[in-house]
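Line by line, the protein sequences give chains A, B, C and D. If you use the numbering used here, the first sequence corresponds to residues 46 to 339, in order. If you use the numbering used here, the second sequence corresponds to residues 46 to 339, in order. If you use the numbering used here, the third sequence corresponds to residues 46 to 339, in order. If you use the numbering used here, the fourth sequence corresponds to residues 46 to 339, in order. Notes for the one structure printed next.
There are 4 protein chains.
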Amino acid sequence: MIGTKDRPLWLHATSDGSAALFLIPPLTRELDPQVIFDINVHLHYRMADPTDILLQIEAAELPDQPLHHANIDLSDTAYFARTLAEDGIGNRIWMQVQGDFVCDYTSRVEVTRPVPDLSNLQTGPLHLLPGDVFKYLMPSRYCPSDEFQSYVFEEFGHLSGGARVVAIRDWIEGHFRYLPGVSTSQTTALDTFVQRQGICRDFAHVLITLARASAIPARFCSVFAPGVTPQDFHAVAQVYLDGAWHLVDPTGMASADSIAIIGVGQDAAHVAFLTSFNYAQLLEQTVSIDVPNL
Amino acid sequence: MIGTKDRPLWLHATSDGSAALFLIPPLTRELDPQVIFDINVHLHYRMADPTDILLQIEAAELPDQPLHHANIDLSDTAYFARTLAEDGIGNRIWMQVQGDFVCDYTSRVEVTRPVPDLSNLQTGPLHLLPGDVFKYLMPSRYCPSDEFQSYVFEEFGHLSGGARVVAIRDWIEGHFRYLPGVSTSQTTALDTFVQRQGICRDFAHVLITLARASAIPARFCSVFAPGVTPQDFHAVAQVYLDGAWHLVDPTGMASADSIAIIGVGQDAAHVAFLTSFNYAQLLEQTVSIDVPNL
Amino acid sequence: MIGTKDRPLWLHATSDGSAALFLIPPLTRELDPQVIFDINVHLHYRMADPTDILLQIEAAELPDQPLHHANIDLSDTAYFARTLAEDGIGNRIWMQVQGDFVCDYTSRVEVTRPVPDLSNLQTGPLHLLPGDVFKYLMPSRYCPSDEFQSYVFEEFGHLSGGARVVAIRDWIEGHFRYLPGVSTSQTTALDTFVQRQGICRDFAHVLITLARASAIPARFCSVFAPGVTPQDFHAVAQVYLDGAWHLVDPTGMASADSIAIIGVGQDAAHVAFLTSFNYAQLLEQTVSIDVPNL
Amino acid sequence: MIGTKDRPLWLHATSDGSAALFLIPPLTRELDPQVIFDINVHLHYRMADPTDILLQIEAAELPDQPLHHANIDLSDTAYFARTLAEDGIGNRIWMQVQGDFVCDYTSRVEVTRPVPDLSNLQTGPLHLLPGDVFKYLMPSRYCPSDEFQSYVFEEFGHLSGGARVVAIRDWIEGHFRYLPGVSTSQTTALDTFVQRQGICRDFAHVLITLARASAIPARFCSVFAPGVTPQDFHAVAQVYLDGAWHLVDPTGMASADSIAIIGVGQDAAHVAFLTSFNYAQLLEQTVSIDVPNL
Chain A
46 MIGTKDRPLW LHATSDGSAA LFLIPPLTRE LDPQVIFDIN VHLHYRMADP TDILLQIEAA
106 ELPDQPLHHA NIDLSDTAYF ARTLAEDGIG NRIWMQVQGD FVCDYTSRVE VTRPVPDLSN
166 LQTGPLHLLP GDVFKYLMPS RYCPSDEFQS YVFEEFGHLS GGARVVAIRD WIEGHFRYLP
226 GVSTSQTTAL DTFVQRQGIC RDFAHVLITL ARASAIPARF CSVFAPGVTP QDFHAVAQVY
286 LDGAWHLVDP TGMASADSIA IIGVGQDAAH VAFLTSFNYA QLLEQTVSID VPNL
Chain B
46 MIGTKDRPLW LHATSDGSAA LFLIPPLTRE LDPQVIFDIN VHLHYRMADP TDILLQIEAA
106 ELPDQPLHHA NIDLSDTAYF ARTLAEDGIG NRIWMQVQGD FVCDYTSRVE VTRPVPDLSN
166 LQTGPLHLLP GDVFKYLMPS RYCPSDEFQS YVFEEFGHLS GGARVVAIRD WIEGHFRYLP
226 GVSTSQTTAL DTFVQRQGIC RDFAHVLITL ARASAIPARF CSVFAPGVTP QDFHAVAQVY
286 LDGAWHLVDP TGMASADSIA IIGVGQDAAH VAFLTSFNYA QLLEQTVSID VPNL
Chain C
46 MIGTKDRPLW LHATSDGSAA LFLIPPLTRE LDPQVIFDIN VHLHYRMADP TDILLQIEAA
106 ELPDQPLHHA NIDLSDTAYF ARTLAEDGIG NRIWMQVQGD FVCDYTSRVE VTRPVPDLSN
166 LQTGPLHLLP GDVFKYLMPS RYCPSDEFQS YVFEEFGHLS GGARVVAIRD WIEGHFRYLP
226 GVSTSQTTAL DTFVQRQGIC RDFAHVLITL ARASAIPARF CSVFAPGVTP QDFHAVAQVY
286 LDGAWHLVDP TGMASADSIA IIGVGQDAAH VAFLTSFNYA QLLEQTVSID VPNL
Chain D
46 MIGTKDRPLW LHATSDGSAA LFLIPPLTRE LDPQVIFDIN VHLHYRMADP TDILLQIEAA
106 ELPDQPLHHA NIDLSDTAYF ARTLAEDGIG NRIWMQVQGD FVCDYTSRVE VTRPVPDLSN
166 LQTGPLHLLP GDVFKYLMPS RYCPSDEFQS YVFEEFGHLS GGARVVAIRD WIEGHFRYLP
226 GVSTSQTTAL DTFVQRQGIC RDFAHVLITL ARASAIPARF CSVFAPGVTP QDFHAVAQVY
286 LDGAWHLVDP TGMASADSIA IIGVGQDAAH VAFLTSFNYA QLLEQTVSID VPNL
């Protein structure tokens, strides 16, 4: 049996108790739609023993990315709990599964977020940072920003705020090779900085690290974006400038107006799409994103 | 000029605008006082250039550690802002200083917190963890818990919950050498685990790391404790068991009923007593703690 | 065209210049054969561009492991050079290949080496160490022994010499899990020590590291050994006790009297079976070892 | 009693058996003296327990740096042994001391080595590398060159041989800050590469690492050089080009014609001036170098 206290209106349990259905009435808004896309995720894992898992794969509902509809079908679970994810953006689902775990998620997202011109944005005075943004100035597991203070001063010391972020982004995009298979779940930004290769997760970690070393708050975003190759979950960074969070993709594959945010956190550890507290065997995993307007 | 919007009743600016005085009326409570102690901190730094600093040195006011009185005198600053610290425990002070920075902090704290018998406490089901506790299961800059899952299974797999925490604490206390000077601000729990030596910060990082690798939420606490040698700011861990946070000191120097918490965070990076965003020269720093009842 | 100045008698170039054949006359010796085994190695790689490679896959000819016969067939190369490998044990082959690189190596080795009782062997006085053994006391890329001095003192301080090596070997064998796929070519002994899992290379690195931290010289050996699962190149350690090098296998899979040494070095970096100075695609690699007497 | 089998003619034991005196008759040679300098080293350590130490502080006698005279006075030792150091360059002295250890070393060295124009030197074909040079292509404890292959290809891929070494040297000299106190004996080239600061040892490690990642053999040299600030033991790199070893100082403080080599090795671990196998307390250490011609 599946249930959720947090958002009961969204839940329509199927007759066999094995699925959760979320229906959201279409929004009437006046903004011109920017990009609308359809997301399909299929996961199939196998767990020999009863295994606690934490799932974070749904596009968050946010003012600048309303959901037209969303549905998640999950195989049987010993329990089900939805909790708010980091900074109140998106949800995490706790389950306990054994045997085959299958998840099918579909949604239609409209992204109304404009693409900012980062180079004109400023870092405000540090003492005006909101209390809950401060932690994004600090080093984290995969983003040891404390090691890079001399480096950013040396290389980017003539720039500040958004202009520095743009220079860092361009430098990463120009000098790093997108190469699946060379990094692991333990690869840090320091490893990637030296090796100059990796995947979206690694690129985002480097940008976040260099931003924090520059005293610019930065966080990790797990996202959906059309046109990413190979099509999969994608990861980008957000930097805090002029009092708001702004998306930056150091791989150059996605722009802010066609990104659907799943969740945010200090680094990849905090927004894994699947965290399993026991051994889980991957059988199949596909992510597809279609832009029906195109 | 110094000011704070958050807790205006505490602030009595001195005539020259260079100091902040906090007075709290004595509390009338019925709990037997457990331990009362007087804290004095004196800091003296010198900054050549205008330097943003973040100060976190005041004992937090908490239900189980009421403050009888507290006072902080600070030298001149270009601005002053108080913000709530991590998890709403304690405060941080933002300042911008140039030249000599002097801080004198005094307070009387009463600690009414009982010492729990950790070995009887349980880890609850993961899906009942509050959303804001989840991040304390994840690896952080100085606590790469993802590396230690095989180790804790191998060495402590026969124990769970509080009993496991006690075994980890005893193992650290029994096998690690308290040795100032061998670790730096970049030393991680992995370094300390291998080198078997360090200071309170390092001991706490190891305990936190092994707890998180055991799927027990754990966080870092910056504290005051009488009897710590050498007398200085002290650091311990907190673990989340039976729905609450419990103090553990793997150095064996302090117990829960004589610890005054300053702040909490994922690891030392989040609760440094002084974070300086430019070069700061240490001239003097003393911490003294007296227990007047003794 | 293939040639070698070092051991010209071994070389019989085939008519198309693409192969090297080594024939060694049977030895007449009076030692009882201990273990005789037949080694077959097949390698198939593909290099898009002209690629310098260094091959180290032949059983070394040593007093306690005479070769009955040996043969190596190599595909075409722009040049060919044989050099003595580290400490004069075994050979390395330099080649420059493009396109398909195929290597077939077969040999029969007799191992007459006794199995020592390590626990009775002593570390001699340091100042009597031969000058060329000293480097095996020092940390190397994968064996950061300088980090482990407190640890070995704490855990093995009551033992010395061979008795300590035996205790370290037994501890590794008893507490580490042999698990292919969790380590990479960049995994160090420190990583493995913490994660408690890996393959033969990783186990050997940990033993070498803890021996060196104990001021016992230790080096890495690339070897062939029958009965290793999965059958592949194997790696063990050698420690220097009572004035000689002694084999130790911390995986427990092989003993000194059934190990054929290929080469030795400070750690895995120095005795890789194939070092490629450009991109090489693995197509096939098999190692088989038969013991005809059994 | 002190003695040495290796170079008995150099030894004049003092009456109390506590010192070793080396006298070398002046050389008659026809080369114009390039630079002559007088070296004085004074060490004073204290060891509570009997402690094996390894000393490597004497200028090596080499064809391009003849010694006019040399003298070393050592306090009492339980034994004394001289061994050839790495690659047969210079000596190491083994001693066992307890209580106060005092060493006074003086020598006059003439450096006749020309300063090569590195940019015209070539890397020869790999297969012609001497067998004992190969290890200087491999990563070592403080020089994890395997991590930097993409980086050197990306940044210096348009250059080869000596021209690449010059570009790397200039880049380090131009972008790194010489800053005592920020690195420790465990700092690797990877740390320094990221932090962009350190001392001569760290600068040399970075150059060696980037050379090896470029398939150019490189080793670490412990040296004396006049004009180094602060005056102390100095460290530089040697790269192997056109069949010979060439000195490079990435700090820019010394040039090949005014450097007296003490010893060489894979990295700092192999040529420490003092390696102590027990706790040693530093009381005093001075190095002075005078150029009498100036």
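The beta carbon of each residue, even a glycine, is placed where N, CA and C say it ideally should be. Remember, predicted model here, so these are calculated numbers, not experimental data.
What's the C-alpha gap between residue i and residue j?
i: Gly272/A; j: His279/A; result: 10 Å
i: Arg209/C; j: Leu255/C; result: 10 Å
i: Pro275/D; j: Phe318/D; result: 17 Å
i: Pro111/A; j: Val156/A; result: 7 Å
i: Tyr181/B; j: Trp290/C; result: 48 Å
i: Thr320/A; j: Met183/B; result: 10 Å
i: Leu345/B; j: Leu99/A; result: Absent from the structure is residue 345/B, since the part of chain B shown begins at 46 and ends at 339.
i: Asn323/A; j: Asp145/A; result: 14 Å
i: Thr151/A; j: Gln311/D; result: 57 Å
i: Leu54/C; j: Val178/D; result: For Leu54/C, the pLDDT reaches just 26, beneath the cut-off of 50, and the residue's location in the model is therefore unreliable, although a value from the coordinates is still provided. C-alpha separation (whole angstroms): 26 Å.
i: Cys188/B; j: Gln231/B; result: 11 Å
i: Ala325/B; j: Thr229/B; result: 17 Å
i: Ala130/D; j: Ile217/D; result: 29 Å
i: Ala212/D; j: Gln167/C; result: 50 Å
i: Met298/B; j: Ala314/C; result: 45 Å
i: His89/D; j: Leu327/D; result: 7 Å
i: Ala270/A; j: Arg241/A; result: 23 Å
i: Thr233/B; j: Arg153/A; result: 43 Å
i: Val316/A; j: Gly226/B; result: 36 Å
i: Thr237/A; j: Ser195/D; result: 10 Å
Output yes or no for whether 8 Å exceeds the beta carbon distance between residue i and residue j.
i: Asp94/D; j: Gln141/D; result: no
i: Ile307/D; j: Ile117/D; result: no
i: Leu107/A; j: Val293/A; result: no
i: Val147/A; j: Ser120/A; result: yes
i: Trp139/D; j: Ala126/D; result: yes
i: Asp132/A; j: Val332/A; result: no
i: Arg257/C; j: Ala263/C; result: yes
i: Thr128/A; j: Tyr223/A; result: no
i: Ala282/D; j: Ile244/D; result: no
i: Arg158/A; j: Asp109/A; result: yes
Determine which residues share a DSSP beta bridge with residue i and list them.
i: Gln141/A; result: Asp97/A
i: Met183/D; result: Met183/D is not bridged to any residue.
i: Ala115/D; result: Ser152/D
i: Glu329/C; result: His89/C
i: Gly310/B; result: Phe265/B
i: Phe318/A; result: Partner(s): none; Phe318/A has no beta bridge.
i: Leu163/B; result: Answer is none; Leu163/B lacks a bridge partner.
i: Asn136/A; result: Leu129/A
i: Phe82/B; result: Val154/B
i: Asp109/A; result: Partner(s): none; Asp109/A has no beta bridge.
Please check the pair residue i and residue j, which I expect to be a contact at CB under 8 Å, by giving their CB distance rounded to whole angstroms.
i: Asp302/B; j: Asp83/B; result: Their Cβ separation, rounded to whole angstroms, is 17 Å, which puts Asp302/B and Asp83/B out of contact at 8 Å.
i: Val284/D; j: Ile304/D; result: That belief does not hold up - the Cβ atoms of Val284/D and Ile304/D are roughly 14 Å apart, past 8 Å.
i: Val239/C; j: Glu192/B; result: 5 Å
i: Gly176/A; j: Asp287/A; result: About 18 Å; that fails the 8 Å criterion.
i: His203/C; j: Glu199/B; result: So it is not a contact: roughly 23 Å between Cβ atoms.
i: Ala115/C; j: Gly135/C; result: Actually they do not touch by this definition, with Cβ atoms about 12 Å apart.
Complete beta strand (DSSP E) runs within the stretch 222-308 of chain A (minimum length 3 residues, chain order): Listed in chain order, they are 263-269, 279-286 and 289-293.
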